[in-house]
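Residue numbers (the numbering used here), protein chains in the order written: chain A, 135 to 649; chain B, 9 to 252.
First the structure, in the form of structure tokens, and then the observations on it.
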């Protein structure tokens, strides 16, 4: 009792000065329409929770991380291996970032589909658009601070994109990198962006965003036919919230709490199971054994840039983002009234589905399309043993030529090797020996001509090897006219003689003769 | 209260059980490619494609053959790995010759091959012909030795004449030293006998003498320029560094 009394006096001492009880109570207990206490309305609070997770883990990381080009990579490895649970902390921050980008995008799609951006919540949406941009900015600068090969080359690509801006491109690159090249100043600059500038703005905008949600009320569940009109909406909303409403806490809040808890738990589980991201190889441009790729949220840009014809790159890079941001900002002002329900907004549903499908497809292509040759396949992927089992000496040499001339970097056999060109496991069934020879010498399509890079003996050996690449039960392709000439030059045979043996049979005969 | 205690117990079981289990613990920091000196990694990245996984069953000579390991000394191996082997497709791997490997890595490869594939007394006390040819061989005598000792297995048929070891096409890609090495050490992974068993059917017979080996190589070398002109450019492969 005595303790309670003391606590109560202390509380009153603070409360009489701070006077927070009334506004907090008002915020917590304000009525919200009953049907907004839905599991669909939990993404915003989850994003907010993740923001705090990022702030806390980020502060802890900043205690150890050294933002210098020479030491950043080592300090990440110190965190991974020398500080107890340092790896877990890095994992939480990395996975937290991925989850935050994902949840922010889902939140935005949900808000759009539920018409929550309409009057009077236009500014909430506008701030939300900036919050999305800042979240992506945090993701990019965070990827740079994970200073490894991906970060280094990602930064190079970022700078290259900036340099395409007319007139001021060079100046922008200088501003971004802190000089003409990626160096110590670059990392300091990105550290400041990632730790002070963007998070400060992000926190301020997020608080304003939440403030407006509290003040304007959580969007009611959209009903088909219930139109938003500027003149009547606020009265209608208040009536709905008071007549069929429940207090925000605990009526709707418990779902937010549960979902946020689940998301944080998911971040923890992902960290425990999959671990932190990188760091990959050292960020040293003299190390050329690397295939840098952006993190998943930027993979779609990587895909788009790979597919765009070169003359479209600059217009796309400079105009598309501006158009996209302008469109997002214009949405609530262009369609601030009217129908909220997705049942009556087919264009909105179609737009979200199209964007989601395109994003998914582009990301998938970015993750899996083999745009680059496998640069070390020629020296590291062995020829499958069964391809050489009964090979003649020349065929063996052909296999060596196949490797040493790096055909393997673009063409796989036995499932290993590059994927730029077709797999060659059954190439002999598709092309006759003359066609193979012609293709090797002159190239064609994507393939360079190798006529000047291979000696005649190398070409013959290579083609001999390629001609053996066919399934055991499927003979290689052959040229009928050449066969006829061969037959006419051989011994005249009686009419009843067997038809010419298919090449596979001839080869088997050769092999048995060679043994 | 009992519910809370039960829930805590249920949650703590996997936590305690998983104490030693850290599936997400990050792997060791990535070394610079030039700092890797682990033999298995280096071999698999640089050699396995042609010399086969574990040093055998590749298209090129089987490095895991103990007789090969006994025949070739460290300096020679270093020379071939670093600068490539003239007359063959073996490229140069040392940075000094435009490749990607440091001299420490070349040494690590040699040491690893010795450690894994060298066997004491690989020749069972018999002295093999020397690795390097000392005298000039006689191609005419070589032809008769070849016919007596090699031709039964290496007899070209009408269809395969261009693919056998006597074909200029093949010989244009395989230098004299490579021919000599394979005659002496054989290729056990594909059933090619060594110099002691070079006889019809691969039966044990009188080993080929040093002169026999010289002569057979000279005979095969004499065939190299028959048929279509042997390109001088095979030597170019030896100047082509690895990784280019």
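Every residue, glycine too, gets a C-beta built ideally from N, C-alpha and C.
Being a predicted model, the structure only gives us computed values, none of them experimental.
Cross-chain neighbours of residue 515 of chain A in chain B, by beta carbon under 9 Å: 56 and 57
Can you tell which of B/201, B/111 and B/143 has its C-alpha closest to the C-alpha of residue 89 of chain B? Nearest of B/201, B/111 and B/143 to residue 89 of chain B, Cα basis: B/111.
Note down the Cα distance separating residue 152 of chain A from residue 146 of chain A, rounded to an integer number of angstroms. Taken atom to atom, the span from the alpha-carbon of residue 152 of chain A to that of residue 146 of chain A is near 10 Å.
Specify whether the segment 434 to 447 of chain A and the segment 252 to 265 of chain A touch according to this definition: at least 3 beta carbon pairs, one from each stretch, less than 8 Å apart. no
Report the option in A/278, A/551, A/216 and A/273 whose CA atom is closest to the CA atom of residue 510 of chain A. A/551
Please report how far the alpha carbon of residue 333 of chain A lies from the alpha carbon of residue 327 of chain A, in whole angstroms. Distance between the alpha carbons of residue 333 of chain A and residue 327 of chain A is about 8 Å.
Locate the beta strand (DSSP E) running through residue 379 of chain A, then write down its first and last residues. First-last of the beta strand (DSSP E) with residue 379 of chain A: 379 to 381.
What residues from chain D crowd round residue 207 of chain B, counting only those whose CB sits closer than 8 Å? Of the chains in the structure shown, none is chain D; the protein chains are A and B.
Find the nearest neighbour of residue 56 of chain B within the set A/558, A/518, A/576 and A/612, judged by alpha-carbon distance. A/518
Nearest CA to the CA of residue 156 of chain B: which residue from B/123, B/215, B/49 and B/35? B/215
Assuming residue 144 of chain A is part of the beta strand (DSSP E), what are its boundary residues? Premise fails: residue 144 of chain A lies in the alpha helix (DSSP H), 136 to 152, not in any beta strand (DSSP E).
Using a 10 Å radius around the Cβ and a threshold of 16 neighbouring Cβ atoms, would you call residue 93 of chain A buried or exposed? Residue numbering for chain A in the displayed model covers 135 to 649; residue 93 of chain A lies beyond these limits and cannot be assessed.
Quick one: which chain A residues come within Cβ less than 7 Å of residue 173 of chain B? Residues of chain A passing the Cβ test: 527.
Since residue 200 of chain B sits in a beta bridge, which residues does DSSP pair it with? B/195
State the Cα-Cα distance for the pair residue 204 of chain A and residue 298 of chain A, rounded to the nearest angstrom. Looking at the backbone, the Cα of residue 204 of chain A and that of residue 298 of chain A are separated by about 29 Å.
Taking three-plus beta-carbon pairs below 8 Å as touching, is the segment 379 to 399 of chain A in contact with the segment 164 to 181 of chain A? yes
Is there a C-beta anywhere in chain B that falls below 8 Å from the one on residue 408 of chain A? yes
Residue 219 of chain B - containing alpha helix (DSSP H), residue span: 218 to 231
Within 8 Å (strictly less), CB to CB, does residue 355 of chain A reach chain B? False, the Cβ-Cβ gap to chain B never drops below 8 Å.
How about residue 180 of chain B: is its C-beta nearer than 8 Å to some C-beta of chain A? Judged by the 8 Å Cβ criterion, residue 180 of chain B is in contact with chain A.
Kindly indicate if chain A contains any beta-carbon less than 8 Å away from that of residue 38 of chain B. yes
Measure the alpha-carbon distance for residue 586 of chain A versus residue 593 of chain A and round it to whole angstroms. 10 Å
Check whether the segment 186 to 203 of chain A touches the segment 238 to 249 of chain A, counting contact only when three or more Cβ pairs, one atom from each stretch, lie closer than 8 Å. Too few Cβ pairs lie closer than 8 Å, so no.
Let me confirm a value: residue 382 of chain A is counted as buried when at least 16 other C-beta atoms fall within 10 Å, else exposed. Which label applies? buried
Using a C-beta to C-beta distance shorter than 9 Å, which residues of chain B count as neighbours of residue 388 of chain A? Simply none; closest approach about 18 Å.
Comparing the CB of residue 173 of chain A with every heavy atom of the ligand SAM, is any distance shorter than 7 Å? This structure lacks the ligand SAM; in fact it carries no ligand of any kind.
Taking its Cβ as the centre, do 16 or more other Cβ atoms sit within 10 Å of residue 349 of chain A, making it buried, or is it exposed? exposed
How long is the line joining the alpha carbons of residue 33 of chain B and residue 212 of chain A, rounded to whole angstroms? 13 Å
Using a Cβ-Cβ distance under 8 Å, would residue 33 of chain B count as near chain A? Judged by the 8 Å Cβ criterion, residue 33 of chain B is in contact with chain A.
What residues match up with residue 581 of chain A in a beta bridge as DSSP calls it? According to DSSP, residue 581 of chain A bridges with A/578.
Within chain B, partners of residue 238 of chain A - CB distance below 7 Å: Simply none; closest approach about 24 Å.
Per the DSSP calculation, residue 547 of chain A is bridged to which residue(s)? A/550
With a threshold of 8 Å between beta carbons, is residue 138 of chain B in contact with chain A? Not an interface residue.
Residue 421 of chain A and residue 277 of chain A: beta carbons closer than 8 Å? no
Taking just the CA atoms, how far does residue 486 of chain A sit from residue 458 of chain A? 13 Å
Is the segment 313 to 326 of chain A touching the segment 338 to 352 of chain A, taking contact as three or more C-beta pairs under 8 Å? no
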